[in-house]
Amino acid sequence: MLNQSMSNVNISAAKMFVFFSQLMDKPVFDKNGLRAGEVYDLVLKPSEVYPLSCALVIRKGFPNRKYAIIQWQEIQKIDKESAILRIEFASLAFSELRDEKKEFTLRRDILDQQVVDTYNHKVIRVNDIHLLSVDQALMIAHVDIGSRGLIRRLGFENSIDFIVRLLNPKAKYLHNERLVSWKYIQPLTINPVSMTIKIDVPQKNLANIPAADLGDIFLDLNIHHQIALFKSLNLANKTKIFTNIDFKTQRSLLEELNDSDIAELLNNIPSDEATDFLEKLPSEQTKRVLNLIENKYSKRLSQLLGYSGDSAGGLMTTEYIAFPKGTTVEAALNQIRERKFKSEPAQFVYIISSTHELIGATNFRRLILANPLDPIENCAFPKTYFVHLDSSVKEVAYLMEKYKYFAIPVVDENNILQGIITVDDILSQLIAFAWRRLKRIKIIQKT
Amino acid sequence: MKKLKGFWVKILIFLSVMGPGIITANVDNDAGGITTYSVAGAHFGYALIWSFIPIIIALVIIQEMCSRMAVVTGKGLADLIREEFGAKVAFYAMVILIFSNIFNTISEFAGIAASAELFGISKYILVPACALFVWWLIVKGTYKSVEKVFLVACLFYVSYIVSGFLSKPDWKTVAQSSISPSFQFDKAYILMLIGVIGTTIAPWMQFYQQSSVVEKGIKIENYKYSRLDVVIGSFIVNIIAIFIVIVCANTLFTHGIRIESAQDAALALRPLAGKYCFYLFAFGLLNASIFSACILPLSTAYSVCEGMGWEVGVNRTFKEAPQFYSLYTAIIVIGAAVILIPNVKLIPIMLLSQATNGILLPFVLIFMLLLVNNKRLMGKYVNSRFYNICAVLIIASMILLSLILCVTAFVK
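Chain order of the listed sequences is A and B. Just so we're on the same page, our numbering is the position in the first sequence counted from 1, plus 563. Just so we're on the same page, our numbering is the position in the second sequence counted from 1, plus 987.
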């Protein structure tokens, strides 16, 4: 299934295509046939889905290397043999430095670098770049991440091809390239001024990656890339990543963010995830972070932090859907449609009294099937199960399993609804208990 | 009061940053290391002891460059070589790394075989058993928890320091010979010198050290603590090495005993352990060998796969990371298989592997020097001029020594 994005390009039929490694280091001649240097790099025009080349960087001399930039319209032709310019050698301005340049180039920013493949959800290293010639310019079509690309770079392509052809003329190796379309590729070049990464793939692409995978991709990056990428993302993606990485990485990100960013981030993280994180921080830092957060939310968080981590109070989240007794089913459904919740509450709706006491519980299915004009308590479950703030993980798990609930409400000693515990919070606790056994199961499944 | 608090905060930061330097140092004192130092002391007395002062300086300088690169760029050495010099150069650098590390792994298994001899166990049992154990530790991911056991067992080296004092060396001669360089244009001497340098400053160490600093995620503000870690590590290696040389010079060289087998090397611990010296030495050698046999194949596989852009990691399955596991397994299998050849000579293998390190070292250092002076990567943290002069001197002298070795090999 993952191989779908690796379009199987038949090489012999693809004359319009050229690999960047086939152009690299090829001689460059000026319009009089005088050797000017060799092809070094391509400068790309930004702001396009498939970037086009806009200038050529050539190099001459050894060991004192000098570089010159030539605009694309001044190039007569460029192919696997050589490049020919429309201008004279004398008009080229060679200089020693080219590292300071801010533009986006193939050799420095993509080739051999790590990039994020948003289709296959992983961090990959680019072995070669597949270019398509369009209207005289070159366009990035794919990146090559396969072993053949690597062998081509080493200069062994012909000999290895020969050996493989000798042994097995129908070998898959000869016809398949592991290419990933550029539209799925997010480069990780950090802008030296703003210290951020320009997001080329639409953030939607990243948003489509399951949160846990996004977290894994993120952990594969080095710390500078992590920080730069994080700063460049939108809030939704930031929240998704932050709640799916380990504490050590969370903490190093927090150190890099300014106060308003921290506040914005933590205001949008579900309370159970936020307390998970805050409770591991040293108390001084917890205080500082809590001060940054919106007043109402931080009060709730500090209350949650007071409960022990493995009690119902410590596990619960304070995001749930509750309606006062007497609300009509129709009104309740409308409010559910309109409201935006931080986490997806597990399809349960609670009915409370005016003093916030828990009266009953129902679920979406019952609500939808009920008469819209009835008061909401009419469709409640016949009996309401709940746990107390100090109930243990085991009690909670037992109840949830017994009654097949995805979420269970938590009340205090006065029967006031405090929060809910969802099945995923319980699962992660149980997995920690059953860790060794689980690992064994995982290995058996994989083999 | 406030000052005191600041002091404790500093200690705490140091403890959190500490590790890479000290662990690398202990892995550095592997089977090849112990053997090389022992032979250096037993065959040449104090004649090589002067080399440790320049070696300490060189080791600190080189390891410091590694951790600085790790902290500033957040990338491993293999990644940097690939990203800055391209696929071709990275490929050949990785070939050098694999080549030298296969040799090193062979020498670790030679260490295991040698301790098997001392324990009176057949090497045909202990070597495959250890190879399987090492492979299993990493693949099952239990390595991290066992690492501390290895580190504690490294206290074995203290026995060399105690033996050193018990053997009552003439400290004046030791001090004199450690500050007055002497050089012999003799093939055995030069090979020994290259071996001593190569075992102390091995190519794999630079890759390993840099990756472990990256993994620790040390911030540039705390870099000075990381530097302290490097300095402490370097001193630990060298102090132990010096004591091994002193002990062997004092117990073996003076009696004209040449080290032909592990048994001879174990005699050096006699002042401390008496007739139990064989067991003590065998235990230390076994621990050192297994410790390094875990780290060497793993760090090679990591570096190579990172540099080549292959999937990396012990938390992936074989199907997800085939190159990683094949490489890791192949290095262990080759390492163990060579030692299982009947009648293979263990001590020369260990010495030769360390000399290979010494010969290959300058190539790795040249890459490091180019990278650490790259302004785009390192910004204001590029090498100072003093550093560069030292590094160039180290590279030049290593190349010169290798050349002299070639010449003497042909002259004789």
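All C-beta atoms in this analysis are idealised placements derived from N, C-alpha and C, irrespective of residue type, glycine included. Keep in mind that this is a model prediction, so the values were computed, not measured.
- In the displayed model, Ala-791 (chain A) falls within a helix according to three-state DSSP.
- Here the alpha carbons of Leu-1084 (chain B) and Met-1052 (chain B) stand approximately 19 Å from one another.
- If you ignore the 5 residues before and after Glu-1071 (chain B), its C-beta comes within less than 8 Å of the C-beta of Leu-1357, Leu-1358, Asn-1361 and Leu-1364, all in its own chain and listed in chain order.
- Counting only residues of its own chain and dropping the five nearest sequence neighbours on each side, Phe-1172 (chain B) has a CB closer than 8 Å to the CB of Ile-1391 and Thr-1395.
- Each residue's CA atom was taken as its position, placing Arg-1257 (chain B) and Ser-1248 (chain B) some 16 Å apart.
- Exposure of Ser-658 (chain A) is indicated by the presence of fewer than 16 other C-beta atoms within 10 angstroms of its C-beta.
- At least one CB of chain B lies nearer than 8 Å to the CB of His-787 (chain A).
- Relative to Glu-651 (chain A), the option among A:Pro-614, A:Gly-600 and A:Ala-700 whose CA is nearest is A:Gly-600.
- Rounded to the nearest whole angstrom, the CA to CA distance from Leu-855 (chain A) to Leu-844 (chain A) is 15 Å.
- Contacts between Lys-811 (chain A) and chain B, judged by CB atoms closer than 9 Å, involve Gly-1204 in chain order.
- CA-CA distance, Ala-704 (chain A) to Asn-785 (chain A), rounds to 27 Å.
- Taking 8 Å as the threshold, the shortest C-beta distance from Asn-690 (chain A) to chain B falls below it.
- In the structure shown, His-1030 (chain B) adopts helical secondary structure according to DSSP, grouped into three states.
- In chain order, Ile-1068, Arg-1069 and Gly-1294 place their CB closer than 6 Å to the CB of Ala-1077 (chain B), counting only its own chain and leaving out the 5 sequence neighbours on each side.
- Distance from Val-620 (chain A) to Thr-668 (chain A) at the Cβ level is roughly 7 Å; contact confirmed, criterion being Cβ atoms closer than 8 Å.
- Looking at B:Asp-1216, B:Thr-1343, B:Thr-1022 and B:Val-1139, the one whose alpha-carbon comes closest to that of Ile-1246 (chain B) is B:Thr-1022.
- As a beta-bridge residue in DSSP terms, Ile-692 (chain A) pairs with A:Val-706.
- Distance from the Cα of Leu-1153 (chain B) is smallest, within the candidate group B:Val-1234, B:Asn-1016, B:Ala-1012 and B:Cys-1281, for B:Val-1234.
- Just so you know, the alpha carbons of Phe-592 (chain A) and Thr-752 (chain A) end up roughly 31 Å apart.
- Here DSSP, grouped into helix, strand and coil, assigns Leu-868 (chain A) to helix.
- Taking a 10 Å sphere around the C-beta of Trp-1122 (chain B), we find 16 or more other C-beta atoms and assign the residue as buried.
- Under DSSP, Leu-605 (chain A) shares a beta bridge with A:Leu-619.
- Here DSSP, grouped into helix, strand and coil, assigns Ala-933 (chain A) to coil.
- For Ser-1146 (chain B) against Leu-1259 (chain B), the beta-carbon gap comes to about 6 Å, under 8 Å, which counts as contact.
- Inclusion of Leu-829 (chain A) and Val-852 (chain A) in the CB contact set at 8 Å is warranted, their separation being smaller than that value.
- Taking 7 Å as the Cβ-Cβ cut-off, the region 576-602 of chain A has no residue approaching chain B.
- At a cut-off of 8 Å, the C-beta of Ser-645 (chain A) has no neighbouring C-beta in chain B.
- At the C-beta level, Ile-692 (chain A) and Phe-582 (chain A) come within 8 Å of one another.
- Interface annotation, Asp-776 (chain A): not in contact with chain B, CB-CB separation never under 8 Å.
- Close partners of Lys-1075 (chain B) in chain A (Cβ separation under 9 Å): Arg-716, Leu-717 and Gly-718.
- Under the Cβ criterion (8 Å, minimum of three pairs), the region 1261-1275 of chain B counts as touching the region 1096-1116 of chain B.
- When the five nearest sequence neighbours on each side are left out, the beta carbons in the same chain lying within less than 7 Å of the beta carbon of Ile-1336 (chain B) are those of Ile-1093, Ser-1094 and Ala-1097, in order along the chain.
- Under the three-state reduction of DSSP output, Ser-954 (chain A) falls in the coil class, being neither helix nor strand.
- Checking the DSSP bridge columns, you'll see Tyr-630 (chain A) partnered with A:Arg-622 and A:Ser-658.
- Secondary structure note for Leu-1180 (chain B): its alpha helix (DSSP H) is the uninterrupted segment 1174-1187.
- Sixteen is the threshold: since fewer than 16 other Cβ atoms of the shown chains lie within 10 Å of the Cβ of Thr-918 (chain A), the residue is exposed.
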